[in-house]
Amino acid sequence: MENVVQCSKRFVLRSEPNSERNIREGDVAIIQERHERLKPVLIHQEGEIQNQYGRFRHSNLIGQPYGTRWLSDSRREGYMYVWPVTTNLWTTGLRHRTQVVYSHDIAFVLTRLEVRSGDVVIEAGTGSTSMTHALARVVAPHGRVISYDVHEGRVRQATEEMEKIGLGDVVSITHRDVLKEGFGVQQDSFLVDAIFLDLPSVHLCVAHAEQVLKPGGKVCFFSPCVEQVSQTKEELSTRRFIQVKTFTCTVRSYEVREETFEKLNVHETGLDSGGSTSASPVQLERPPSGSITCRPTREIKGHTSFLTFAEKALGHP
-11 MENVVQCSKR
-1 FVLRSEPNSE
9 RNIREGDVAI
19 IQERHERLKP
29 VLIHQEGEIQ
39 NQYGRFRHSN
49 LIGQPYGTRW
59 LSDSRREGYM
69 YVWPVTTNLW
79 TTGLRHRTQV
89 VYSHDIAFVL
99 TRLEVRSGDV
109 VIEAGTGSTS
119 MTHALARVVA
129 PHGRVISYDV
139 HEGRVRQATE
149 EMEKIGLGDV
159 VSITHRDVLK
169 EGFGVQQDSF
179 LVDAIFLDLP
189 SVHLCVAHAE
199 QVLKPGGKVC
209 FFSPCVEQVS
219 QTKEELSTRR
229 FIQVKTFTCT
239 VRSYEVREET
249 FEKLNVHETG
259 LDSGGSTSAS
269 PVQLERPPSG
279 SITCRPTREI
289 KGHTSFLTFA
299 EKALGHP
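So for the sequence shown, my numbering puts the first residue at -11; every next one is plus one.
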């Protein structure tokens, strides 16, 4: 299991939300070492973490509420924060076995696919499980995520991770090349509510998606390159899909901080009594010292993917 720090013990899986209770032995928690450095850790009585901030014993966490400030045993000023597993923190903290779907794309995909509790969703391209986790959180507890990946090792690791965080009853992950073999389900057995596809040559999966998607259901194709979008749209035009649209999402952060300003002297131009131009100093009012300012960051996260959505036309099985 790669994304979660392991130990040699076996623990009972729990499905209740971690954020509603204190930390227990066997929980998977998100450890925040600093602002953008997070990792999932399996909590157990004998466990410990050693890093630049000191030594941290797991036993000091058990029974404490989530969000607690975890103090170091060896360094007076050392501390970290402990958070419950959420979709955003899981995506930020997991190790990247493959390219991951980031939070802003996840939110947009879930909204456009109209995924809700109780739905059955197919995902192809499990990868690092960022999208798998997000889908499972939405459809739980009575829905189902059926995920596929072509890499057997990734399937094994992803399955272990979903079980550790209490989503094993919601997610099933299968080793299968869906581009060549399809989803392995018969059209007459059941139809799914939505499909998310993150695959190379994803246009080869359009026909398979058409077979298992219910009328009115939606599919999303995650494509890094515009050439893939063109191929996908061409294939969609030959099938029973409508409302085909492509989007790309960009996010720009803002900096909020306290700043100190100096008074600014400028010259006001006017006419004196003789008709000549004159300039007199004017002191402009500036925000008081220690004002809170908000401004966009200089860097903008660029393109992550093209998201192509389509809906299966009604009136077709």
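Think of the CB as a built atom: it goes at the ideal place given N, C-alpha and C, for glycine as much as any other residue.
Taking the DSSP output, what are the residues bridged to residue i?
{"i": "K300", "result": "F229"}
{"i": "A42", "result": "Correcting the residue type first, residue 42 is Gly in the shown sequence and not Ala. In DSSP, G42 forms a bridge with N39."}
{"i": "V142", "result": "Checking the displayed sequence, the identity of residue 142 turns out to be Arg instead of Val. In DSSP, R142 forms no bridge with anything."}
{"i": "M68", "result": "W58"}
{"i": "Q20", "result": "L26, Y69"}
{"i": "K206", "result": "A182, E299"}
{"i": "I110", "result": "I134, I183"}
{"i": "L201", "result": "V180"}
{"i": "N10", "result": "P53"}
{"i": "F294", "result": "S211"}
{"i": "T234", "result": "T296"}
{"i": "R283", "result": "E243"}
{"i": "K289", "result": "V239"}
For residue i, collect the residues of the same chain with a Cβ closer than 6 Å to its Cβ; drop the 5 residues on either side in sequence, then sort them by chain order.
{"i": "V89", "result": "S118, M119"}
{"i": "T234", "result": "V217, F294, T296"}
{"i": "R283", "result": "E243"}
{"i": "L259", "result": "The predicted model places L259 with a pLDDT of 48, which falls under 50 and marks its position as unreliable, so this point remains unresolved."}
{"i": "L302", "result": "P203, G204"}
{"i": "E65", "result": "none"}
{"i": "A146", "result": "T114, T117, I161"}
Rank the options by C-alpha distance to the C-alpha of residue i and give the top, closest one.
{"i": "G51", "options": "R43, I31, Q38, K233", "result": "I31"}
{"i": "I37", "options": "D15, C282, S62", "result": "S62"}
{"i": "I161", "options": "L167, V143, S225, I153", "result": "V143"}
{"i": "V158", "options": "E140, V190, D107", "result": "D107"}
{"i": "L185", "options": "K221, F210, P203, F178", "result": "F210"}
{"i": "G154", "options": "P72, Q33, R245", "result": "P72"}
{"i": "T226", "options": "F178, L187, E198, L26", "result": "E198"}
{"i": "I110", "options": "V127, A95, R9", "result": "V127"}
{"i": "Q87", "options": "T114, N39, L98, E102", "result": "T114"}
{"i": "R25", "options": "R83, F96, R9", "result": "R83"}
{"i": "L187", "options": "P129, V103, Y136", "result": "Y136"}
{"i": "C213", "options": "E65, A195, H191, P28", "result": "H191"}
{"i": "E306", "options": "K152, A112, N39, E140", "result": "As displayed, the chain neither begins before -11 nor continues past 305, which places residue 306 out of reach and without an answer."}
{"i": "R132", "options": "F96, E148, H121", "result": "H121"}
{"i": "H130", "options": "R9, S60, S105", "result": "S105"}
{"i": "A112", "options": "E223, K168, R64, S241", "result": "K168"}
{"i": "V173", "options": "I134, A95, L224, H23", "result": "I134"}
Leaving out five residues on either side along the sequence, give the residues of the same chain with a beta carbon under 8 Å from the beta carbon of residue i.
{"i": "I307", "result": "Here the chain covers residues -11 to 305 and nothing more, so residue 307 does not appear."}
{"i": "S91", "result": "T75, N76, T79, T80"}
{"i": "Q(-6)", "result": "In this prediction, Q(-6) scores a pLDDT of 35, lower than 50, which makes its location untrustworthy; no coordinate-derived value is stated."}
{"i": "K221", "result": "V232, T234, T296"}
Ignore the nearest five residues each way along the sequence and tell me which others in residue i's own chain have a CB closer than 7 Å to its CB.
{"i": "D93", "result": "C237, T292, S293, L295"}
{"i": "M68", "result": "I19, Q20, E21, Y41, F44, W58"}
{"i": "T289", "result": "Correcting the residue type first, residue 289 is Lys in the shown sequence and not Thr. Cβ within range, chain order: T238, V239."}
{"i": "S(-4)", "result": "Low confidence applies here, because S(-4) scores a pLDDT of 29, under 50, leaving its location unreliable and the question unanswered by this model."}
{"i": "H46", "result": "I31, H32, Q33, G35, E36"}
{"i": "S125", "result": "The residue you asked about is not Ser; residue 125 is Arg in the sequence shown. Excluding residues within five positions, the ones whose Cβ falls inside 7 Å are T75."}
{"i": "D165", "result": "V138"}
{"i": "H196", "result": "V166, G170, F171"}
{"i": "L201", "result": "L179, V180, I183, V207, K300"}
{"i": "Q219", "result": "H191"}
{"i": "H163", "result": "D137, E140, V143"}
{"i": "S241", "result": "T285"}
{"i": "S60", "result": "Y41, G42, R43, F44, G66, Y67"}
{"i": "L224", "result": "V194, V232, A298"}
{"i": "N39", "result": "E21"}
Kindly give me the distance between the Cβ atoms of residue i and residue j, rounded to whole angstroms, as I take these residues to be in contact under 8 Å.
{"i": "I280", "j": "E246", "result": "6 Å"}
{"i": "F229", "j": "E299", "result": "7 Å"}
{"i": "G204", "j": "A182", "result": "Between A182 and G204 the Cβ distance is about 10 Å, and since that is not below 8 Å, they are no contact."}
{"i": "C208", "j": "L101", "result": "6 Å"}
What residue ranges within the segment 121 to 198 form continuous alpha helix (DSSP H) runs of no fewer than 4 residues, ordered along the chain?
-> 140 to 152, 166 to 169
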